[in-house]
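Chains as they are written, first to last, in the working numbering: chain A, 2 to 234; chain B, 2 to 234.
So the structure is just underneath, and the comments pick up after that.
Number of protein chains: 2
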Amino acid sequence: MVYAANVSERRRQPPELAISTVIFALRGDGEESRPTLWMPLVRRTRQPYQDLWALPGGPLSAAESLQDAAARNLQETTGLQPDYLEQLYAFGGLDRSPAQRVVSIVYWALVKPDEAALARETDNVRWFRADGVGQLAFDHNQIVDYALWRLRNKVAYSSIAYAFLGEKFTLAQVREVYEAVLGKTLDPANFRRQLRAAPDIQATDEYLQGGRHRPPRLFRYTGSAGPKNGPLA
Amino acid sequence: MVYAANVSERRRQPPELAISTVIFALRGDGEESRPTLWMPLVRRTRQPYQDLWALPGGPLSAAESLQDAAARNLQETTGLQPDYLEQLYAFGGLDRSPAQRVVSIVYWALVKPDEAALARETDNVRWFRADGVGQLAFDHNQIVDYALWRLRNKVAYSSIAYAFLGEKFTLAQVREVYEAVLGKTLDPANFRRQLRAAPDIQATDEYLQGGRHRPPRLFRYTGSAGPKNGPLA
DNA sequence: ACAAAAGTGTTCAGTGTACACCCATGC
DNA sequence: GCATGGGTGTACACTGAACACTTTTGT
Chain A
2 MVYAANVSER
12 RRQPPELAIS
22 TVIFALRGDG
32 EESRPTLWMP
42 LVRRTRQPYQ
52 DLWALPGGPL
62 SAAESLQDAA
72 ARNLQETTGL
82 QPDYLEQLYA
92 FGGLDRSPAQ
102 RVVSIVYWAL
112 VKPDEAALAR
122 ETDNVRWFRA
132 DGVGQLAFDH
142 NQIVDYALWR
152 LRNKVAYSSI
162 AYAFLGEKFT
172 LAQVREVYEA
182 VLGKTLDPAN
192 FRRQLRAAPD
202 IQATDEYLQG
212 GRHRPPRLFR
222 YTGSAGPKNG
232 PLA
Chain B
2 MVYAANVSER
12 RRQPPELAIS
22 TVIFALRGDG
32 EESRPTLWMP
42 LVRRTRQPYQ
52 DLWALPGGPL
62 SAAESLQDAA
72 ARNLQETTGL
82 QPDYLEQLYA
92 FGGLDRSPAQ
102 RVVSIVYWAL
112 VKPDEAALAR
122 ETDNVRWFRA
132 DGVGQLAFDH
142 NQIVDYALWR
152 LRNKVAYSSI
162 AYAFLGEKFT
172 LAQVREVYEA
182 VLGKTLDPAN
192 FRRQLRAAPD
202 IQATDEYLQG
212 GRHRPPRLFR
222 YTGSAGPKNG
232 PLA
């Protein structure tokens, strides 16, 4: 039995290769409050770490690329199709798993609100606020921290914020994304000017109706969605 | 025999896990010219890609972390001990290797000039200019391109430049590092001011003698050397 | 009319860049 | 003395932050 393997036995086996994904979505938690970052986790149904929450993941199938494996696994466990998917890091510490050694190649994903609304929530799949996940299985707390760090960094210098939004959005909604991710408020006037200066934000001639005040104009993002990692795809 | 395996056979085997490293050092190539980026490569002595140059690498031993594996492999193949070592990316495309599927976790390293001078150059280990490596084995050209991209990015916003330099250095030497990596000249006056404003650059009371002109002051870097990736070690 | 968000204008401090200039050394 | 790189001073354009102000809607 693998789980009972002693150390010398374990040293002889090749490390197992697994794929996991940290998934982020923005959700308005209350009625009147600002949206915040959420992520889906799956409950462990086996040892080790049985009944603790963990990142969705699984083994790498032989006939699919790493990214495809992440997307498929994500789809199978949570029903989600990400709008942004990028490799985060390969975790390969010796004692990540108590039995067989596991090397995990971790991806991180962003999903749009309509997609996140479709996500099925079962007894073994539940959404958590990103800043309140509690104790997770394996080294997954460390992985979530790193993913959050990367998200906060990347939102500041790239255009991933739009992966959190639908096709059309108000500039205030974009600002809410930044405020939720960065955890601080931003000056609406200056933020607006910055976005207007960006070439890949196009104004539509539509306005968001139904609000309590002056209807804001809707905009569209015309840049590409996927990650741009220099010479990589 | 692994290399003769057909596709359906190959699909059944678990992917192999390997570690490779892209190593950068700065070398003055001529007498009077500016230093440029170089990297050591190893010659393939077996199929596939026999006789082509490739990144140093090898399989992951069961009892060492990913980073330790990279450092050890690097030491064994090139004799180098890096001053900076950081994970680059996990490459896992289906057709990276013609026979068994291989997932490579790639690191990148920077070595100081005294260390690079010690490096043994044999018939199967040779140094190349980073911008003229020719055709490499596997997808290693793509990997080198990505490592170069990361290096150029990171040099602009972090302090890795000092991993290319010895304990004491002139500000002009630091500038030469930036110019070699970024591939453009920088204003000496403004560059100097920027560095003087950095808190972890300390002036010594020594001067570099033997130059053709006014002897420049030597400085010391007091910051830490390793990669700082947010919540990761 | 009033409140509140949408949207515009203006000021100000900090920063990067260009470049003129002085300093110290070898030849 | 002269050439050259070391090192300092300074002006200017650009940018981000602060904030006053106008516009447009719902109530």
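No residue lacks a Cβ here, since even glycine has one placed at the ideal position from N, Cα and C.
{"query": "Name the residues in the stretch 128–159 of chain B whose C-beta lies less than 7 Å from a C-beta of chain A; which are they?", "result": "Gln-143, Asp-146, Tyr-147 and Trp-150"}
{"query": "State the DSSP-derived secondary structure class of Pro-36/A, mapped to helix, strand or coil.", "result": "strand"}
{"query": "On the CB-based measure, 16 or more other CB atoms within 10 Å of its CB, does Thr-242/B come out buried or exposed?", "result": "Residue 242/B falls outside the range modelled here, since chain B spans only 2 to 234, and no answer is possible."}
{"query": "Using the Cβ count rule (16 or more neighbours within 10 Å means buried), how would you classify Ser-98/A?", "result": "buried"}
{"query": "Residues in its own chain within less than 8 Å of Ala-19/A by CB, not counting five upstream and five downstream?", "result": "Gly-58, Gly-59, Pro-60, Leu-61, Val-103, Val-104, Ser-105 and Ile-106"}
{"query": "With respect to the beta strand (DSSP E) encompassing Phe-192/A, which residues constitute its N-terminal and C-terminal limits?", "result": "Element bounds for Phe-192/A: not the beta strand (DSSP E) but the alpha helix (DSSP H), 189–198."}
{"query": "Pro-189/A: buried (16+ other C-beta within 10 angstroms of its C-beta) or exposed?", "result": "exposed"}
{"query": "Below 7 Å on C-beta distance, what does Pro-232/B contact in chain A?", "result": "Gln-143, Asp-146, Tyr-147 and Trp-150"}
{"query": "Counting Cβ pairs closer than 8 Å, one from the stretch 31–50 of chain B and one from the stretch 131–143 of chain B, do we hit at least three?", "result": "yes"}
{"query": "Look at the alpha carbon of Leu-183/B and the alpha carbon of Gly-29/B, and state the distance between them as a whole number of angstroms.", "result": "16 Å"}
{"query": "Restricting to runs no shorter than 4 residues, where is the alpha helix (DSSP H) found entirely within the stretch 98–130 of chain A?", "result": "114–119"}
{"query": "Note down, in chain order, every chain A residue with its Cβ under 8 Å from the Cβ of Leu-18/B.", "result": "Pro-15, Pro-16, Leu-18 and Val-104"}
{"query": "Under 9 Å between the Cβ atoms of Asp-115/A and Gly-167/A?", "result": "yes"}
{"query": "According to DSSP, is Arg-176/A helix, strand or coil?", "result": "helix"}
{"query": "Name, going along the chain, the residues of the stretch 62–91 of chain A whose beta-carbon falls closer than 7 Å to a beta-carbon of chain B.", "result": "Ala-63, Ala-64, Ser-66, Leu-67, Gln-88, Tyr-90 and Ala-91"}
{"query": "Measuring only between beta-carbons, confirm whether Leu-95/B sits less than 9 Å from chain A.", "result": "yes"}
{"query": "Please state if the CB of Glu-17/B and the CB of Gln-68/B are separated by a distance shorter than 9 Å.", "result": "no"}
{"query": "Taking its Cβ as the centre, do 16 or more other Cβ atoms sit within 10 Å of His-214/A, making it buried, or is it exposed?", "result": "exposed"}
{"query": "Below 8 Å, can you find three or more Cβ-Cβ pairs linking the stretch 46–55 of chain A to the stretch 192–199 of chain A?", "result": "no"}
{"query": "Going by Cα to Cα distance, which pick from Val-178/B, Ser-225/B, Tyr-90/B and Glu-180/B is closest to Asp-146/B?", "result": "Tyr-90/B"}
{"query": "Taking the beta strand (DSSP E) that Asp-206/B falls in, what are its first and last residues?", "result": "202–208"}
{"query": "According to DSSP, is Leu-61/A part of a helix, a strand, or is it coil?", "result": "coil"}
{"query": "Would the beta-carbon of Ser-21/B fall within 9 Å of that of Leu-53/B?", "result": "no"}
{"query": "Are the CB atoms of Leu-172/A and Trp-109/A nearer to each other than 9 Å?", "result": "no"}
{"query": "Contact defined as beta carbons within less than 8 Å: I believe Pro-232/A pairs with Tyr-85/A. What is the distance between those atoms, to the nearest angstrom?", "result": "Between Tyr-85/A and Pro-232/A the Cβ distance is about 19 Å, and since that is not below 8 Å, they are no contact."}
{"query": "Does the beta-carbon distance from Thr-79/A to Ala-120/A come in below 9 Å?", "result": "yes"}
{"query": "Work out the CA separation of Ile-24/B and Ala-181/B for me, nearest whole Å.", "result": "15 Å"}
{"query": "One question on the structure: do Ala-199/B and Arg-218/B come within less than 9 Å of each other, judged by their Cβ atoms?", "result": "no"}
{"query": "Between the Cα of Ala-157/A and the Cα atoms of Ala-70/A, Leu-187/A and Tyr-222/A, which residue gives the shortest distance?", "result": "Leu-187/A"}
{"query": "Below 9 Å between beta carbons: does that hold for Phe-92/A and Ile-144/A?", "result": "yes"}
{"query": "Under a Cβ-count criterion, where at least 16 other Cβ atoms within 10 Å of its own Cβ denotes burial, should Glu-77/A be classed as buried or exposed?", "result": "exposed"}
{"query": "What first and last residue would you give for the beta strand (DSSP E) that runs through Glu-17/B?", "result": "17–29"}
{"query": "For Leu-95/A, collect the residues of the same chain with a Cβ closer than 8 Å to its Cβ; drop the 5 residues on either side in sequence, then sort them by chain order.", "result": "Arg-102"}
{"query": "Candidates Gly-211/B, Pro-216/B, Arg-176/B and Gln-210/B: which alpha carbon is nearest Arg-197/B's?", "result": "Arg-176/B"}
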